[in-house]
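Heads up, the sequence shown stops at 75 in the working numbering, and the numbers go up one at a time, no gaps. Backbone N, C-alpha and C define an ideal beta-carbon position, used for all residues, glycine too. Inspection log for the structure reproduced underneath, given as structure tokens.
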Amino acid sequence: MDYFVYYDTVKNGHFAVYVGENQKKRFTVLISYLRHPSFQNLLSQAEEEFGFNYPVGGLTIPCSEQVFTDLIFSL
1 MDYFVYYDTV KNGHFAVYVG ENQKKRFTVL ISYLRHPSFQ NLLSQAEEEF GFNYPVGGLT
61 IPCSEQVFTD LIFSL
């Protein structure tokens, strides 16, 4: 049940994202999630809000942790 996990380094087949409205938390998720329309919608929101200048130095998703985890569990 490896939906999302935190690793100090990113394992093969995964990528890191930062999620949260105020305080950002780092999640490591499967690359295959990039194909899902719901995840792509989050990426579009990130592009609209941040462009390619992410505030914490990595891909940042502009939603609450709860919304993100609910989405990941539904994929």
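Return the residue from the list the options that minimises the CA-CA distance to residue i.
i, options, result
"Q23", "L30, D70, I61 and L75", "I61"
"L71", "T9, E47, E21 and P37", "P37"
"L34", "H14, Q66 and E65", "H14"
Give me the Cβ distance between residue i and residue j, rounded to the nearest whole Å; I'm assuming they're in contact under 8 Å.
i, j, result
"L59", "V17", "5 Å"
With distances taken between CB atoms, is the gap from residue i to residue j smaller than 8 Å?
i, j, result
"K77", "V19", "The structure shown does not extend to residue 77, since the chain is modelled only from 1 through 75, so no value can be given for it."
"C63", "L42", "yes"
Assign residue i to buried or exposed, taking buried as 16 or more other Cβ atoms, counted over all protein chains shown, within 10 Å of its Cβ.
i, result
"V56", "exposed"
"F27", "buried"
"F39", "buried"
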